[in-house]
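Colleague: Quick one: this structure, given as structure tokens, is what I'll be asking you about.
Number of protein chains: 2
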Amino acid sequence: MTELVFSKDELVFVPVGGATGVGMNCFAYGLNGKWLVVDCGIGFPDDNLPGVDCLLPDPQFLAEHKSDIVGLVITHAHEDHIGAIPYLWRDLQCPIYCTAFAKELIESKLAETGLLGRADLHMVNQGDEITLDPFSVEFVKMTHSIPEANALAIRTKAGMVVHTGDWRFEEKNVAEDTTDYETLKALGKEGVLAVVCDSTNTSEEKVHANEADVQKTLTKLIGQYPNQKIAVGCFASNVVRMQSIYQAAKANNRVVCLLGRSLWRIDAAARATGYFKDIPEFLSEQEALELPQTQVLYICTGSQGERHSALNNLTTLMPTPNQVSFGAGDVIIFSSSVIPGNEKVIDLLQKKLRSKGIEIITEKTELVHISGHYAGDDLKKMYDLLKPHIVLPVHGDTYELNCHQQMAKEMGIPFAFGLNDGQMISLKKTPEIIGDVPSGILAVDGNQIVPLNADVLKKRRKMMDEGTAVLTLVVDHNAQVIGTPQLSTFGLMSDDEAVKGDLGQAIASALAEIEPERAGEDNLIKDKMRHVVRAFLKERFGKKPLLEIHLIRI
Amino acid sequence: MTELVFSKDELVFVPVGGATGVGMNCFAYGLNGKWLVVDCGIGFPDDNLPGVDCLLPDPQFLAEHKSDIVGLVITHAHEDHIGAIPYLWRDLQCPIYCTAFAKELIESKLAETGLLGRADLHMVNQGDEITLDPFSVEFVKMTHSIPEANALAIRTKAGMVVHTGDWRFEEKNVAEDTTDYETLKALGKEGVLAVVCDSTNTSEEKVHANEADVQKTLTKLIGQYPNQKIAVGCFASNVVRMQSIYQAAKANNRVVCLLGRSLWRIDAAARATGYFKDIPEFLSEQEALELPQTQVLYICTGSQGERHSALNNLTTLMPTPNQVSFGAGDVIIFSSSVIPGNEKVIDLLQKKLRSKGIEIITEKTELVHISGHYAGDDLKKMYDLLKPHIVLPVHGDTYELNCHQQMAKEMGIPFAFGLNDGQMISLKKTPEIIGDVPSGILAVDGNQIVPLNADVLKKRRKMMDEGTAVLTLVVDHNAQVIGTPQLSTFGLMSDDEAVKGDLGQAIASALAEIEPERAGEDNLIKDKMRHVVRAFLKERFGKKPLLEIHLIRI
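These protein sequence lines map, in sequence, to chains A and B. For the first sequence, position 61 (counting from the first letter as 1) is numbered 61 according to my numbering, and the numbering increases by one without interruption. For the second sequence, position 455 (counting from the first letter as 1) is numbered 455 according to my numbering, and the numbering increases by one without interruption.
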């Protein structure tokens, strides 16, 4: 049990995950022995973690206080804010509060893992305030790249914290999801003790355009290619963008077809919660193929260069008659950004598409995407509205987090702290970092959940560079070989085969060296074999694989 | 033997490598049955190619024409222009022509591979013209981020081609390596048939600052931290930058120490060829540690986030007394750019350094780096000087290559072609793509050189996600198990062990199912074992490893 010393009526905050990067958002607020949890998201493994499906914040601290958690409140439905719920729900076992759209997506996640009936989900409307004693939480409408994004105004006897979630400002939104400036202003007047705030694009100086401008550009572009097939790649969860693309297609007399499972999943969640009311059902691939292709517009997954995604499949070498296929002269618009780390795979995909003669249009040359995160003066405007006493930047890379902290100081905000995961701060007039609670990162690997520093992950990095090998050797009690030794290698330039030639001779010589009285020592034989096989593979392939010896005594 | 049909006095050009990306620069010019080769560089594998050390252009086409190659001419000494020489020299076996600095580095490469005495290296001064009949090649001074970068004016009876190599323009260079504008202008007057030109930053609108400005900024920054340890990370081959850092250190009464082997290698090459004449020998780590640390400035390798590099080692947990160690309050300047693909590892390194309290300064906020490649109007200026009839953009990502082609067209240049590797073009009044010669990419993997599409590379990607496993089973002729079966897994969350419990039982049942008359069929037993082990590992770990069965009959 982790207990840091602070008085019962102190309001404390601890990032369980998500404080110093992008992903794994999970934050806890404590007061009077009770805990309020905000968001529970996954992180995305980089290439240093081969085989890992996703990352989770280590829930140890939450699990220790399970019986005192009053609720899990969700800011919005992006994977890095809700994706860990199915994995960590057993450690929380508390009611979940979220808006309708998030509820729809969380339910489908829970259903996939057999937890649906067990978790207690409560739908909250934007603008509502719920009481989770000793906290009350007001859901304040924000603009982001997914429907129903919220800032949370968390009121307590010890003061109010505004937990912004991910956000941007936008004056003329094409959707109804515009920021509730009035409430933000009122919160500022009421008095904000602390703000916990998104930092994704803090250093970007240029204020983003509006979604309405993106829609205009898409309409113009689609109109420029009346005789071509056109596809638009976008992030599946960007419902507003899907609307923009639909409107742009409609203005050009094209009907929209969705390609890619995650788009259909979002479509279902959106329609179930009242979105797309004026948009007819999207076409399936089958339906779209029955129409003249100049009357269709395809929205595709795969704008991040994912293999096996819809965009990638558009240029399958041998398309079946039931498959859309793009070729020379056709047009693909990437209505998306490049997520850091994906630069190379995206370039590879675009190179492949261009090599087929497909024209590629991206945000580099046309206003076909805007970010869901604020830039330019928006942060200053936010703090002008909220007038916080303390700022806690979260959710951004190291550089952006530092910029955010710096900017808060320059704006004259009395306190700005860059916390690490697990670091607990007492939020009061003179805020104070109290100490650390257990925290860390877990990896979801196949059907196992393991610590990120697990030895197996280090081994996996080694084996991808150096390969693996197993030698099987059957010997009698005199260490005489029976049958033929077998060597299997993986990741080396060779066909596996029964051992012969040089290796066979080296094995025989090594065994012959063993003194008769030690012929029964398995470890001695194994050590010798390891030495022989290592030298052989190093010489032959220039590699040092992970190696096991199967020694069998008959 | 690859022969495309073109007349003997036609001048043809074919990118052997490097046409559609960054790396593997290798280009061939053909005339009268003779071939001139320009550059011979390596490429850098991305994370899709685990275990691969570097990439090479497939030399098949060159090897087929080996006896007709009049020479290999080197534009400059970056790895992506010279790094493949030791690997491919046997396929070329022709004289190599390069400047002194490149010669020094190529010689040390050849020495490492035992080829030094066999390759025929010729030193050429910048400004010189050499005759390699039917070609003559003039070395024209250019500015780039390494000493002695050259454009090559390749004169033939069929016209002149300017092969720019990598370049930027710079009016006030701190080094003597400024571009020879006069010669470029003269070439334009003489008449340029075609330009083969670098595209790295074509789309960047902002013209870069000068190296002199970088030096000024470094001087200012170092002066701001008189009481701190300071390290500067930079690309090892950037000799001019090393000079700038030296001058900035000297102005602040600090002596320079080099940390990292590649910096020392470049230092040796630079001093051997007349650079650093006014710079005293750099300090070793030992020597630096004997001085007050506020009188030292460290230049470090590792600005791209490489593990085990000097920058990374600065925060070793347990430094030995012979090791420099940085901590809270110390300063590290990244005098380098972020090479695409390295975003995440660099962020990880900087996060680690910041978490130790080290202050990080990068090009994001201070003018501590400029690129070696042109930007802004420089390309237009270049073409205004050269007035080419044909432009062939090479060396850049897909987007930059397209921009380059587009810009050439907008400048009114009659022909601009985006070639692929292996595509041969006839350079004449009305240029014409003739066809394709064999081309491709080879991977250097341990001590093997293999095609990039080798099955083993696909397997390696699978094994890093799914792991590998070997089951050893000894049976008699009735398929009765002898001894205990053994299972080794790699990359799975388990300790390897003799098989027991569920798997042992499953193996026994599967063997029991075999009809007695088929008990001698090895393949039947292996198939059954594969099935059993797969099901077991899928159930237990959620993974489908690459699997081999070692079946031994006694």
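By construction, the Cβ of each residue, glycine as well, lies at the ideal position given by its N, Cα and C atoms.
Look at the alpha carbon of residue 107/A and the alpha carbon of residue 354/B, and state the distance between them as a whole number of angstroms.
Modeller: Against the first sequence, residue 107/A aligns to sequence position 107. Against the second sequence, residue 354/B aligns to sequence position 354. Between residue 107/A and residue 354/B, the C-alpha separation is close to 40 Å.
Colleague: Would the segment 192-203 of chain B and the segment 298-318 of chain B be scored as touching if the rule is three or more Cβ pairs under 8 Å?
Modeller: The segment 192-203 of chain B, when compared against the segment 298-318 of chain B, does not touch it at the 8 Å Cβ threshold.
Colleague: Could you pull out every residue in the same chain whose Cβ sits closer than 8 Å to the Cβ of residue 9/A, ignoring the five residues on either side in sequence?
Modeller: Position 9 of the first sequence holds residue 9/A. Answer for residue 9/A: 31, 32, 157, 158, listed in chain order.
Colleague: Quick one, are the C-beta atoms of residue 237/B and residue 257/B less than 8 Å apart?
Modeller: As a first step, residue 237/B is located in the second sequence; it is residue number 237 there, counting from the start. As a first step, residue 257/B is located in the second sequence; it is residue number 257 there, counting from the start. Their beta carbons are not under 8 Å apart, which means residue 237/B does not touch residue 257/B by this criterion.
Colleague: Using the Cβ count rule (16 or more neighbours within 10 Å means buried), how would you classify residue 478/B?
Modeller: The residue labelled residue 478/B in the question sits at position 478 within the second sequence. Exposed, since its Cβ has fewer than 16 Cβ neighbours within 10 Å.
Colleague: Taking a Cβ distance cut-off of 7 Å, strictly less, list which residues of the segment 303-316 of chain A are near chain B, in chain order.
Modeller: Listed by position, the residues of the segment 303-316 of chain A near chain B (Cβ gap below 7 Å) amount to none.
Colleague: Can you tell me whether DSSP reads residue 6/B as helix, strand or coil?
Modeller: On the second sequence, residue 6/B is found 6 positions in, with the first residue counted as 1. In the structure shown, residue 6/B sits in coil (DSSP, three-state: anything other than H, G, I, E or B).
Colleague: Look at the alpha carbon of residue 7/B and the alpha carbon of residue 380/B, and state the distance between them as a whole number of angstroms.
Modeller: Translated into positions along the second sequence, residue 7/B becomes position 7. Translated into positions along the second sequence, residue 380/B becomes position 380. Between residue 7/B and residue 380/B, the C-alpha separation is close to 33 Å.
Colleague: Thinking residue 437/A and residue 61/A are a contact (beta carbons under 8 Å), I'd like their distance in whole angstroms, please.
Modeller: For the purposes of this step, residue 437/A is taken as the residue at position 437 of the first sequence. For the purposes of this step, residue 61/A is taken as the residue at position 61 of the first sequence. With a Cβ gap of about 5 Å, residue 437/A and residue 61/A count as contacting.
Colleague: Determine, using beta-carbon pairs with one atom in the segment 330-342 of chain A and one in the segment 299-316 of chain A, whether at least three such pairs fall under 8 Å.
Modeller: With a cut-off of 8 Å, the segment 299-316 of chain A and the segment 330-342 of chain A count as touching, because enough Cβ pairs lie within range.
Colleague: Just to confirm before moving on: does the CB-CB distance between residue 118/B and residue 136/B stay below 8 Å?
Modeller: Locating residue 118/B in the second sequence gives position 118, counting from the first residue. Locating residue 136/B in the second sequence gives position 136, counting from the first residue. Taking 8 Å as the Cβ cut-off, residue 118/B and residue 136/B do not qualify as a contacting pair.
Colleague: I need the DSSP call for residue 488/A, collapsed to helix, strand or coil.
Modeller: Position 488 of the first sequence, counted from the first residue, corresponds to residue 488/A. Reduced to three states, the DSSP call for residue 488/A is strand.
Colleague: Give the single residue among 291/A, 185/A, 208/A, 88/A whose Cα lies nearest to the Cα of residue 561/A.
Modeller: A query on residue 561/A cannot be resolved here, the shown segment of chain A reaching from 1 to 554 and no further.
Colleague: Measure the Cβ-Cβ separation of residue 20/B and residue 351/A and say whether it is below 8 Å.
Modeller: Sequence index remark: in the second sequence, residue 20/B carries index 20 (1-based). Sequence index remark: in the first sequence, residue 351/A carries index 351 (1-based). Yes, these two residues count as a Cβ contact at 8 Å.
Colleague: Which residues of the segment 334-359 of chain A have a Cβ closer than 7 Å to any Cβ of chain B? Give them in chain order.
Modeller: Result list: 340, 341, 343, 344, 347, 350, 351, 354.
Colleague: Beta-carbon within less than 8 Å of residue 322/A's beta-carbon, same chain only, minus the 5 sequence neighbours each way: which residues are those?
Modeller: What you label residue 322/A is simply residue 322 of the first sequence in a count that begins at 1. Hits under 8 Å: 285, 286, 289.
Colleague: How far does the alpha helix (DSSP H) with residue 186/B in it extend, from its first residue to its last?
Modeller: Against the second sequence, residue 186/B aligns to sequence position 186. From DSSP, the alpha helix (DSSP H) with residue 186/B extends over 181-190.
Colleague: If contact means a Cβ-Cβ distance below 9 Å, which residues of the segment 61-83 of chain A contact chain B?
Modeller: For the segment 61-83 of chain A, which is checked against every Cβ of chain B, not one residue is closer than 9 Å.
Colleague: When you check each C-beta in the segment 503-534 of chain B against every C-beta of chain A, which residues fall closer than 8 Å?
Modeller: Cβ contacts with chain A: none found.
Colleague: According to DSSP, residue 555/A sits in a beta bridge with which residue or residues?
Modeller: Chain A is shown from 1 up to 554; residue 555/A falls before or after that span and cannot be answered.
Colleague: Report the partner residues of residue 393/A according to the DSSP bridge assignment.
Modeller: By 1-based counting over the first sequence, the position of residue 393/A is 393. 197/A.
Colleague: Curious, which full-length beta strand (DSSP E) runs of at least 3 residues does the segment 383-468 of chain A contain?
Modeller: List check, beta strand (DSSP E) in window: 390-393, 423-427, 432-436, 441-445, 448-451.
Colleague: What does residue 398/A reach in chain B if we use C-beta pairs closer than 7 Å?
Modeller: Against the first sequence, residue 398/A aligns to sequence position 398. Neighbours of residue 398/A on chain B, chain order: 347, 350, 351, 354.
Colleague: Under 8 Å, do residue 78/B and residue 146/B count as touching if we go by C-beta distance?
Modeller: The count along the second sequence starts at 1 and reaches residue 78/B at position 78. The count along the second sequence starts at 1 and reaches residue 146/B at position 146. Closer than 8 Å, so yes.
Colleague: Evaluate the contact criterion for the segment 215-223 of chain A versus the segment 363-380 of chain A: three or more CB pairs, one atom per stretch, below 8 Å.
Modeller: Result yes; three or more Cβ-Cβ pairs closer than 8 Å.
Colleague: With a threshold of 8 Å between beta carbons, is residue 447/A in contact with chain B?
Modeller: Residue numbering aside, residue 447/A sits at position 447 when the first sequence is read from its first letter. By this cut-off, residue 447/A is an interface position.
Colleague: I'd like the list of long-range same chain contacts for residue 538/B, defined as Cβ closer than 8 Å, with 5 residues on each side in sequence excluded.
Modeller: The sequence position of residue 538/B within the second sequence is 538, counting from 1. Closer than 8 Å at Cβ, skipping near neighbours: 544.
Colleague: In chain order, what residues of the same chain have a beta carbon less than 6 Å from the beta carbon of residue 404/B, not counting five sequence neighbours either side?
Modeller: By 1-based counting over the second sequence, the position of residue 404/B is 404. Same-chain partners within the cutoff: 199, 202, 393.
Colleague: Taking only beta carbons into account, state which residues of the segment 40-61 of chain B come closer than 7 Å to chain A, listed in chain order.
Modeller: So the list reads 46, 47, 50, 51, given in the order they occur along the chain.
Colleague: Assuming residue 66/A and residue 91/A form a contact by the criterion Cβ under 8 Å, report the distance between their Cβ atoms to the nearest whole angstrom.
Modeller: As a position in the first sequence, residue 66/A is number 66, starting the count at 1. As a position in the first sequence, residue 91/A is number 91, starting the count at 1. Indeed, because the Cβ distance is near 7 Å, the residues count as touching under 8 Å.
Colleague: Should residue 198/B be counted as a contact of the ligand ADP given a C-beta to heavy atom distance under 7 Å?
Modeller: No copy of the ligand ADP appears in this structure; indeed no ligand is present at all.
Colleague: Once DSSP output is grouped into helix, strand and coil, what is the label at residue 129/B?
Modeller: Locating residue 129/B in the second sequence gives position 129, counting from the first residue. Residue 129/B: strand per DSSP, three-state reduction.
Colleague: Measuring only the C-alpha atoms, how far is residue 482/B from residue 474/B?
Modeller: Residue numbering aside, residue 482/B sits at position 482 when the second sequence is read from its first letter. Residue numbering aside, residue 474/B sits at position 474 when the second sequence is read from its first letter. So the alpha carbons of these two residues sit roughly 5 Å apart.
Colleague: Output yes if chain A places a C-beta closer than 8 Å to the C-beta of residue 474/B; else output no.
Modeller: As a working mapping, residue 474/B is identified with position 474 in the second sequence. It does: the Cβ of residue 474/B has a partner Cβ on chain A nearer than 8 Å.
Colleague: Judging by CA-CA distance, which residue of 129/A, 185/A, 469/A is the nearest neighbour of residue 532/A?
Modeller: Translated into positions along the first sequence, residue 532/A becomes position 532. The option with the nearest alpha carbon to residue 532/A is 469/A.
Colleague: Just the chain A side, please: which residues come within less than 9 Å of residue 204/B by C-beta, in chain order?
Modeller: Position 204 of the second sequence holds residue 204/B. Neighbours of residue 204/B on chain A: none; closest Cβ ~11 Å, over 9 Å.
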